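First the structure, in the form of structure tokens, and then the observations on it.
Number of protein chains: 2
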Amino acid sequence: MSRLQNTLLQLKTKGLDGLIVTSDSDISYLTNYQSRDSLLFLSQKLNIFLTDSRYFDEAKNILDKKIRPQKNNGSLFEAAAILCCKANLKRIGFDENNFTFAQHKKLQDLLKKKAKLIPSHGLIDDLRQLKDQNELKKIKKAIQITKETLCYIQKFIKPGIKEIEIAGEIERYIRYKGASSSAFNIIVASGANSCYPHHISSKRTLKMNEPVLIDLGVEYEGYKSDLTRVFFLGKISTLVRDVYKLVHKAQEQAFSVIKPGANSKDIDLAARLIIKEAGYGDNFGHSLGHGVGLDIHENPKISPKSNTIMQPGMVFTIEPAVYLPNKFGIRIEDMVLVTEKGGEVLSGTIN
Amino acid sequence: MSRLQNTLLQLKTKGLDGLIVTSDSDISYLTNYQSRDSLLFLSQKLNIFLTDSRYFDEAKNILDKKIRPQKNNGSLFEAAAILCCKANLKRIGFDENNFTFAQHKKLQDLLKKKAKLIPSHGLIDDLRQLKDQNELKKIKKAIQITKETLCYIQKFIKPGIKEIEIAGEIERYIRYKGASSSAFNIIVASGANSCYPHHISSKRTLKMNEPVLIDLGVEYEGYKSDLTRVFFLGKISTLVRDVYKLVHKAQEQAFSVIKPGANSKDIDLAARLIIKEAGYGDNFGHSLGHGVGLDIHENPKISPKSNTIMQPGMVFTIEPAVYLPNKFGIRIEDMVLVTEKGGEVLSGTIN
Chain L
726 MSRLQNTLLQ LKTKGLDGLI VTSDSDISYL TNYQSRDSLL FLSQKLNIFL
776 TDSRYFDEAK NILDKKIRPQ KNNGSLFEAA AILCCKANLK RIGFDENNFT
826 FAQHKKLQDL LKKKAKLIPS HGLIDDLRQL KDQNELKKIK KAIQITKETL
876 CYIQKFIKPG IKEIEIAGEI ERYIRYKGAS SSAFNIIVAS GANSCYPHHI
926 SSKRTLKMNE PVLIDLGVEY EGYKSDLTRV FFLGKISTLV RDVYKLVHKA
976 QEQAFSVIKP GANSKDIDLA ARLIIKEAGY GDNFGHSLGH GVGLDIHENP
1026 KISPKSNTIM QPGMVFTIEP AVYLPNKFGI RIEDMVLVTE KGGEVLSGTI
1076 N
Chain H
726 MSRLQNTLLQ LKTKGLDGLI VTSDSDISYL TNYQSRDSLL FLSQKLNIFL
776 TDSRYFDEAK NILDKKIRPQ KNNGSLFEAA AILCCKANLK RIGFDENNFT
826 FAQHKKLQDL LKKKAKLIPS HGLIDDLRQL KDQNELKKIK KAIQITKETL
876 CYIQKFIKPG IKEIEIAGEI ERYIRYKGAS SSAFNIIVAS GANSCYPHHI
926 SSKRTLKMNE PVLIDLGVEY EGYKSDLTRV FFLGKISTLV RDVYKLVHKA
976 QEQAFSVIKP GANSKDIDLA ARLIIKEAGY GDNFGHSLGH GVGLDIHENP
1026 KISPKSNTIM QPGMVFTIEP AVYLPNKFGI RIEDMVLVTE KGGEVLSGTI
1076 N
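In structure tokens:
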């Protein structure tokens, strides 16, 4: 069944007559076409891709015949309201995590009392969790570029260079290797900076005998990657070495329990227990992982509170960590695909 | 008067007891501190910066004494609701263009009927329009880095290199010059690609005898820049040359009418008329300019429908353009500061 058919089936199940999609990645998923500032109107009889002159001509030739492009240079919401009225829809879904309060108000005002907007977050997210072969090909390519970049960047990791300069070298190289951009603000965290999970690459210069954590992802044809590696300059202290081994062991443990039918929280627990038993439970505050695809953070979540049953086709990160305040942090992040047999580590062995 | 005092005065004028601020740039403007995933609670008696452990310790030492940091690792909205109730606020402002529908619902549900959330978009935006000396210093530094980069990048503009590779060289260089990142997805548009105002840098290789448009901005200590230059490879056709001269003339005309008291739509008109009279009115579809500061697009808008009276301290782009479908596009974009005397072109003369 096509992605569109699947979505229309979901609408029926949830008692919705139509759906207004505004998220770029949701639209890209359903149309197989990347655009911005567009809107997708879905209903059982009529599916319209509202876009402006930048994308219209190209979309016309690419889109599935079941989705008709319509050129729109005015307000997307006014055009959408007209479509809703023409199709006589009564219950229309929208993503309450993607619509601003003002957008919802505008659309509901335009619809007057003829139709009601129904919060429907999660409807497309759930479908997007399961990647098809075409999507996996793009994700694998994004991972390949990331791995090559992590290999290339090693020659720059030396005392005196700034974190932000290493980020600059990465931003340059990924584009020569075929990426369209980085998938998020690249994290280069040296020394004590590595103990901040979301450190912003700074002007700090690298020093001898300290770890350098690099968290890097790229975008390839809309699909993302996300890997973290820790490099070492000079001597590695026993503490750093022991923590690194521990985090690595936690990751291996998580890998080993991934298979269809497993619960996401048990995968999180597998890694977390190893860290806890070593006495570092309080030094690993974030989730073990997150889905990656058209968005850098998507479903499934792999956390103590999550509750997703693993299915073949799911792709996510496994990124256990230990952060020692004012000292250093170690995080190892890889991407895994759930297969019929178990978990396939897409980013291969650590190098 | 401080930014905070100014904001509190605005609240009074609008009959609001408090304000919930969630936009990163609004928070940065009011606290003079850059963070993410934080929330600022404002009221006449109490001002609280809710943030997590990443930012708390640093913020503690930096923030103005009138804004108290509070560590928060749970839900920001739950913590904000508690503050609203404790302070017994009844009418609380929020930015309806920045809150998602779900966030508004969550906060309003938590407040129950004790308080009402009032859409207040524009309240801080209006204040942010007028830049102080400290802000201007950062904007000027961002512009300087951008200009140096446009100079540096010229040696890469030759046949055979891909658009995306030039973007990569830019991403690298700006970080060596002190920028923390690019301010938006850098546009490198060669040949016919230059006729798309928001072209995404692609794998197309540069060819002889065609224009290469580069639209580039960087971020420096939170503040942005935004400049566009067109470079030429080999021979320049008479048509390209004439259009370039025309766009340049339109920009000069706009510069000449900028002064305190002028209306933004008249500035737009000054440039637009020049282009229209030359017969290219239909080939310039977008606004003439937009404010730049903590956000890459902010107030004031300089468009046919805008209606802002110029005041000293406003900073915005002037970017007239002519796009000839399937042929080429020319856009020249500079940044201007409104001074007591008129308009000062911050990005200097074209080079």
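Protein sequences, first through last, are from chains L and H. So for the first sequence, my numbering puts the first residue at 726; every next one is plus one. So for the second sequence, my numbering puts the first residue at 726; every next one is plus one. For each residue, glycine too, the CB sits at the ideal point set by N, CA and C. Source: prediction; values computed, not measured.
- Sorting H:Gly885, H:His923, H:Ser845 and H:Ala805 by C-alpha distance to the C-alpha of Thr930 of chain H places H:Gly885 at the top.
- Comparing alpha carbon positions, the residue from L:Glu935, L:Glu1002 and L:Gln869 closest to Ser1072 of chain L is L:Gln869.
- The continuous alpha helix (DSSP H) containing Lys785 of chain L extends over residues Ser778 to Ile787.
- The residue from H:Asp991, H:Val965, H:Gly1067 and H:Lys737 with its alpha-carbon nearest to that of Ser845 of chain H is H:Lys737.
- For the C-beta of Gly893 of chain L, the chain H residues within less than 8 angstroms are, from N- to C-terminus, Glu896, Arg897, Tyr898, Ile899, Arg900 and Tyr901.
- At least one CB of chain L lies nearer than 8 angstroms to the CB of Tyr921 of chain H.
- Rounded to whole angstroms, Ile787 of chain L and Arg728 of chain L show a C-alpha spacing of 16 angstroms.
- Taking C-beta atoms as the reference points, Lys830 of chain L and Thr874 of chain L fail to come closer than 8 angstroms.
- The beta-carbon distance between Phe881 of chain L and Glu894 of chain L, rounded to whole angstroms, is 5 angstroms. This is short enough to meet the 8 angstroms contact definition.
- By the 16-neighbour rule on beta-carbons within 10 angstroms, Glu890 of chain H is buried.
- Inter-segment contact for the region 785-805 of chain H and the region 805-823 of chain L is absent: fewer than three beta-carbon pairs are separated by less than 8 angstroms.
- For the set H:Leu964, H:Tyr945 and H:Ser950, the Cα lying nearest the Cα of Pro936 of chain H is the one of H:Leu964.
- Proximity to Met1039 of chain L across L:Gln854, L:Asn731, L:Glu1002 and L:Tyr945 peaks at L:Gln854, based on C-alpha coordinates.
- Bridge partners of Ala1046 of chain H according to DSSP: H:Arg1056.
- In the three-state reduction of the DSSP assignment, Glu1065 of chain H falls in the coil class, being assigned neither a helical nor a strand state.
- In terms of Cα proximity to His924 of chain L, the closest of H:Phe1053, H:Arg779, H:Lys872 and H:Glu821 is H:Arg779.
- Comparing C-alpha distances from His1022 of chain L to each of L:Gln1036, L:Ile1043 and L:Pro1029 shows the shortest one belongs to L:Ile1043.
- Taking C-beta atoms under 8 angstroms as the contact rule, Leu814 of chain L and Asn731 of chain L fail to qualify, at a distance of about 20 angstroms.
- Membership of Glu946 of chain L in any alpha helix (DSSP H) is not indicated, and neither H nor E is assigned to it by DSSP.
- Chain-ordered listing is empty here: chain H has no CB closer than 8 angstroms to the CB of Ala979 of chain L, the nearest sitting near 23 angstroms.
- Using a Cβ-Cβ cut-off of 8 angstroms, Glu1044 of chain H does not count as an interface residue toward chain L, since no Cβ of chain L sits closer than that to its own.
- In this structure, Thr747 of chain H lies away from Leu733 of chain H, with their beta-carbon atoms at least 8 angstroms apart.
- For Lys1026 of chain H, the enclosing beta strand (DSSP E) covers residues Glu1023 to Ile1027.
- None of the residues of the region 734-749 of chain L has a beta carbon lying less than 9 angstroms from any beta carbon of chain H.
- By alpha-carbon distance to Leu938 of chain H, the top candidate from H:Ser919, H:Ser926, H:Tyr948 and H:Lys932 is H:Ser919.
- Listed along the chain, the chain L residues whose CB falls inside 7 angstroms of the CB of Ser906 of chain H are Asn910.
- Under DSSP, Thr963 of chain L shares a beta bridge with no residue.
- Closest by C-alpha distance to Gly1004 of chain L, out of L:Val972, L:Gln769 and L:Asp820, is L:Val972.
- In the three-state DSSP reduction, Leu767 of chain L falls in the strand class (E or B).
- With a beta-carbon spacing of about 26 angstroms, Leu832 of chain H and Gly947 of chain H fall beyond the 8 angstroms limit used to define contacts.
- Per DSSP, reduced to three states, the secondary structure at Asp820 of chain L is coil, with no helix or strand assignment.
- Beta-carbon to beta-carbon, Pro922 of chain H and Ala996 of chain H are separated by about 15 angstroms, too far to satisfy the 8 angstroms threshold.
- Ranked by Cα distance from Met933 of chain H, the first of H:Gly916, H:Met1060 and H:Lys970 is H:Gly916.
- Around Leu842 of chain H, the same chain offers Ile817, Phe819 and Gln833 as residues with beta carbons nearer than 6 angstroms, after the five sequence neighbours per side are excluded.
- Looking only at L:Asp850, L:Asp1059 and L:Ala812, the smallest Cα-Cα distance to Leu836 of chain L is reached by L:Ala812.
- Interface with chain H (8 angstroms Cβ-Cβ cutoff): Arg779 of chain L is included.
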